[in-house]
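Chemist:
There are 2 protein chains.
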Amino acid sequence: MENSLLHNNAHSNSPSIKDSYRPLQLLSAQQLALVDAFITIKNIKKGDIILRKGEVATKAYFVRIGCLRSYTIDDKGKEHIFMFAPEGWIISDISTQMTDAPSDLFIDALEDSQVEVFDRRLSELIRAISPQINNMTTEKFIKRIAVLQKRIIMLMSATAWERYQHFMETYPSIVQRVPQRMIASYLGITPEALSKLRSDNTKLKQKK
Amino acid sequence: MENSLLHNNAHSNSPSIKDSYRPLQLLSAQQLALVDAFITIKNIKKGDIILRKGEVATKAYFVRIGCLRSYTIDDKGKEHIFMFAPEGWIISDISTQMTDAPSDLFIDALEDSQVEVFDRRLSELIRAISPQINNMTTEKFIKRIAVLQKRIIMLMSATAWERYQHFMETYPSIVQRVPQRMIASYLGITPEALSKLRSDNTKLKQKK
DNA sequence: TTCGTTTCTTAATCTACATTAATGCGCAGG
DNA sequence: CCTGCGCATTAATGTAGATTAAGAAACGAA
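Respectively, the protein sequence lines represent chains Y and B.
Read in order, the letters of the first sequence are residues 1 to 208 in this note's numbering.
Read in order, the letters of the second sequence are residues 209 to 416 in this note's numbering.
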């Protein structure tokens, strides 16, 4: 079932970032062609790191096939996963992409993946030729802020189990695809704790 | 010492949001006058709530005098402070201000305060007349994203004591002004835990 | 001032999650 | 086909911070 989905995506009709512009007719055919000229396709092997902490990156990645993640490594050497990006998601370190600040994040591939790379220059170009798209971009930033805000509130107020529930709603396609220890890392708990969480709740369900 | 600071701010030369436009000469005198026409000044009494969860607000507030905060109340009735806004800070629920989403946050005043109110319409106006300011706004959003991102990483990886250290760096002027229990709420711990934290570390310092 | 309320602190107990460690499984490479 | 290593699970023990409770200090309103 998940496999057939993967196969579909492996064709040339994989999702593209341009899909979000087309339906609204925000860009002329000529402009779309221009965008095409700036977008490049990149294949990334499982485990390849495409951004490292401290680097100044200028690119964002739209995931066509596969799955990427962004994460930090703290002083004690511990990984903390910031987000996952399965098919259709965009991943980048916004602050290093839009300004010249060194990145706090690493980004790598959890599976063999294919992405559309768009450079800072493309963002600038596209925002210059279309005010609507410029506004769309701003709106995306605002939505991102709302998401981060909710995550903070969640980290402050919710138990590990509640956060796990929320994770499964946010990333239904991820749960079976990535190692448990990474889900634990995203939730801010240890793999052992997640394992316990899951088994305890399975038991609860069986009782009812 | 803090008092004299307060007195200075009580005069008409209090900081204004326009200060951030003037030095860059981004707006003509006429345009500044136009902005003036849209900005209103609001006095808020300690304890007054100017935004409630579920409301659709269209305003942001630049703090001239005093201190505001934004916070949520979770299912169990517990408050979680999201940010403080002393003099010079802007506070709002960005997602409700820029879209029509109902707010997740409450905003109220921790002291008698004076703010500059700017409506969504002003943001639109100002961004329409000045592309530079439009870009400045976008950059502010990006910086905000970076701040939220760091806070998430901090909540996932740092101990309560480390978070307290970071809080004091971020809000040096706040520590003596707001109740401890609110600082605890911002840090995501109980007032009792914060009290212990502080006394334990004082002892540590004395040992050395 | 005085009284009532809120806030801060200290201390005892409790709990969610971390740490450590041992076991078994699945899978990639020789 | 083994062999080894990363991963998941389980269990024992440890600990940061929550909860509960109670007393002291600070604060606001009459």
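Heads up, the beta-carbon is just placed ideally off N, CA and C, and yes, glycines get one too.
The structure displayed is predicted, hence computed values, not measured ones.
Starting from the N-terminal side, write out each stretch of the alpha helix (DSSP H) that is 4 residues or longer and does not extend beyond the segment 316-371 of chain B.
Modeler: You should have 328-337 and 339-365.
Chemist: Below 8 Å between beta carbons: does that hold for HIS374 (chain B) and ILE153 (chain Y)?
Modeler: Not in contact: HIS374 (chain B) and ILE153 (chain Y) (Cβ atoms no closer than 8 Å).
Chemist: Who are the Cβ neighbours of PHE38 (chain Y) in its own chain at under 6 Å, not counting the five residues just before and after it?
Modeler: The answer, listed in chain order, is LEU122.
Chemist: Can you find at least 3 beta carbon pairs, one from the segment 273-286 of chain B and one from the segment 250-263 of chain B, that sit closer than 8 Å?
Modeler: Verdict: yes, contact present.
Chemist: When burial is assigned at 16 or more other CB atoms within 10 Å of the CB, is PRO86 (chain Y) buried or exposed?
Modeler: Buried, by the Cβ-count rule.
Chemist: What does DSSP give as the partner residue(s) for VAL383 (chain B) in the beta ladder?
Modeler: None, per the DSSP bridge assignment.
Chemist: Use the C-beta contact count for PRO357 (chain B): other C-beta atoms within 10 angstroms, 16 or more gives buried, fewer gives exposed.
Modeler: Reading off the sequence shown, one finds Gln at residue 357 (chain B), where the question assumed Pro. GLN357 (chain B) is buried by the Cβ-count criterion.
Chemist: Counting Cβ pairs, one atom from each stretch, are 3 or more of them under 8 Å apart for the segment 324-340 of chain B and the segment 236-246 of chain B?
Modeler: They touch, by the three-pair rule.
Chemist: Which runs of the beta strand (DSSP E), 3 residues or longer, sit entirely within the segment 60-84 of chain Y?
Modeler: Qualifying beta strand (DSSP E) stretches, in chain order: 68-73.
Chemist: Between which residues of its own chain and LEU110 (chain Y) is the CB-CB distance below 6 Å, once the five residues before and five after are set aside?
Modeler: Only CYS67, ARG69 and VAL178 meet the Cβ criterion.
Chemist: So, is the C-beta of GLY396 (chain B) closer than 8 Å to a C-beta in chain Y?
Modeler: Taking Cβ atoms only, chain Y reaches closer than 8 Å to GLY396 (chain B), which makes this a yes.
Chemist: What does the Cβ neighbour count give for ASN342 (chain B), buried or exposed, with the cut at 16 atoms within 10 Å?
Modeler: Classification for ASN342 (chain B): buried.
Chemist: Can you tell me whether PRO294 (chain B) is helix, strand or coil according to DSSP?
Modeler: Three-state result, PRO294 (chain B): strand.
Chemist: For VAL264 (chain B), I'd like the list of residues in its chain whose CB is within less than 6 Å of its CB, leaving aside the five on either flank, ordered along the chain.
Modeler: So the qualifying residues of the chain are THR304, ASP308 and PRO310.
Chemist: Whose CA, out of B:SER321, B:THR346, B:MET376 and B:ARG371, lies closest to the CA of GLU332 (chain B)?
Modeler: Here the closest residue by C-alpha is B:THR346.
Chemist: Within 8 Å of any Cβ in chain Y, is that where the Cβ of ARG328 (chain B) sits?
Modeler: Taking Cβ atoms only, chain Y never reaches closer than 8 Å to ARG328 (chain B), which makes this a no.
Chemist: Quick one, which of B:TYR372, B:TYR394, B:PRO380 and B:GLN384 has its alpha-carbon nearest LYS404 (chain B)'s?
Modeler: It is B:TYR372.
Chemist: Between ARG151 (chain Y) and chain B, is there a C-beta pair that is closer than 8 Å?
Modeler: Output row for ARG151 (chain Y): interface = yes.
Chemist: What are the start and end residues of the beta strand (DSSP E) that includes THR58 (chain Y)?
Modeler: No beta strand (DSSP E) holds THR58 (chain Y); DSSP gives it neither H nor E.
Chemist: How is LYS250 (chain B) classed by DSSP in three states: helix, strand or coil?
Modeler: It is a strand residue.
Chemist: Can you tell me which residues form a DSSP beta bridge with PHE314 (chain B)?
Modeler: According to DSSP, PHE314 (chain B) bridges with B:TYR279.
Chemist: What would DSSP say about ILE94 (chain Y), mapped onto helix, strand or coil?
Modeler: Three-state DSSP puts ILE94 (chain Y) in a helix.
Chemist: Closest Cβ-Cβ distance between ILE129 (chain Y) and chain B: below 8 Å?
Modeler: Chain B, which has no Cβ nearer than 8 Å to the Cβ of ILE129 (chain Y), makes this no.
Chemist: Would you mind sorting GLN340 (chain B) into buried or exposed? The rule is 16 or more other CB atoms within 10 Å of its CB.
Modeler: Its Cβ having fewer than 16 others within 10 Å, GLN340 (chain B) is exposed.
Chemist: Apart from the five residues on each side of it in sequence, which residues of its chain come closer than 7 Å, Cβ to Cβ, to THR266 (chain B)?
Modeler: Hits under 7 Å: GLN305, ASP327 and ARG328.
Chemist: Residues of the segment 260-275 of chain B with a CB closer than 7 Å to any CB of chain Y: list them in chain order, please.
Modeler: Flagged: no residues at all.
Chemist: At a Cβ cut of 9 Å, what residues of the segment 308-320 of chain B count as close to chain Y, listed as they run along the chain?
Modeler: So the list reads ALA309, ASP312 and LEU313, given in the order they occur along the chain.
Chemist: By Cβ distance, which residues of its chain are closer than 8 Å to ALA193 (chain Y), with the 5 residues on each side in sequence left out?
Modeler: Closer than 8 Å at the Cβ level, and outside the excluded window around ALA193 (chain Y), lie ALA160 and ALA184.
Chemist: Out of Y:GLY188, Y:SER92 and Y:GLU162, state which residue places its alpha-carbon closest to the alpha-carbon of LEU51 (chain Y).
Modeler: Comparing Cα-Cα distances from LEU51 (chain Y) to each of Y:GLY188, Y:SER92 and Y:GLU162, the minimum goes to Y:SER92.
Chemist: How about SER157 (chain Y) and ASP282 (chain B): do their beta carbons lie closer than 8 Å?
Modeler: In contact: SER157 (chain Y) and ASP282 (chain B) (Cβ atoms closer than 8 Å).
Chemist: Helix or strand or just coil, what does DSSP make of ILE183 (chain Y)?
Modeler: ILE183 (chain Y): helix per DSSP, three-state reduction.
Chemist: Got a sec: is the Cβ-Cβ distance from LYS286 (chain B) to anything in chain Y below 8 Å?
Modeler: Answer yes: the Cβ-Cβ gap between LYS286 (chain B) and chain Y drops below 8 Å somewhere.
Chemist: So what does LEU51 (chain Y) bridge to, in DSSP terms?
Modeler: Note: LEU51 (chain Y) sits in a beta bridge opposite Y:ILE107.
Chemist: Look at the Cβ atom of PRO191 (chain Y), then the Cβ atom of GLN180 (chain Y), and state whether they are nearer than 8 Å.
Modeler: Yes; because the gap between Cβ atoms is below 8 Å, this pair is in contact.
Chemist: Which chain B residues are close to THR72 (chain Y), counting only those with a beta carbon under 8 Å from its beta carbon?
Modeler: Neighbours of THR72 (chain Y) on chain B, chain order: ILE361 and SER365.
Chemist: With a cut-off of 8 Å, does the C-beta of ASP94 (chain Y) fall near any C-beta of chain B?
Modeler: Looking at the sequence itself, residue 94 (chain Y) is Ile, so the reference to Asp does not match. Chain B contact via Cβ: present.
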